[in-house]
Every structure is written in C-alpha cells, then in structure tokens.
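The structure under discussion appears below in the form of structure tokens.
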Amino acid sequence: MRSGPRQGRGEATERHDLARSFPSGTFDLVSAQYFQTPFALPRAAILRTAAPALHPGGRLLVVDHGSIAPWSWNQDPGTRFPR
C-alpha cells in the first residue's frame, strides 16, 4: 500500500512482506508487525535490514506477542515461538 504526499509534507506509507521485499531509502519509522507466525520467517534478517534503513533518531517499532493470546482458539500447549 502506498499513499502519496499529504498536505505537502511528503508523507507516504508502504506495506511490504519484509521477508520478500524492503523499500528503498531511509525512514523516520519502520514498523514491523506480528512476527508470531507459525511459518518460517527470517526475523533476525528482517530486523538487520530494517535497522540501518532508519534516519538518525528514527524509530524501529516491533509489535509481537510473546505467547498465545488467552482468547485464541489455538490452546495447544506444544506450540513454541522463536526467541
């Protein structure tokens, strides 16, 4: 998803599957959401790519859940999440 400049401030948003692509350039904010997938995902490589893409003073926001949500239908006690 990409939206063009708003109100002349040059803001834009993009959506990427970070395991497959990463936008070019440098950013004030890189937001990586929901790494708790049961599928193979190169988490460390994604974060190593994201961190240097920040402007000095930029923010890398990683949103993750450390365990299965108590309301989740998947209550399998054998489920393991990467650390």
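Numbering-wise, numbering that gives the first Met the number 0 puts 62 at position 63 of the sequence shown, and it's gapless, one number per residue. Using N, Cα and C, we set each Cβ at its ideal position, and we do this for glycine too. Since this is a predicted model, take the numbers as computed values, not measurements.
When DSSP states are grouped into helix, strand and coil, Pro76 belongs to the coil group. Membership of Leu59 in the beta strand (DSSP E) is indicated by the continuous run 53–62. Per DSSP, Leu28 is one residue of the beta strand (DSSP E) stretching across 26–32. When the beta-carbon positions are compared, Ala49 and Thr25 stay at least 7 angstroms from each other. Counting the other Cβ atoms within 10 Å of the Cβ of Leu17 gives 16 or more, which makes it buried.
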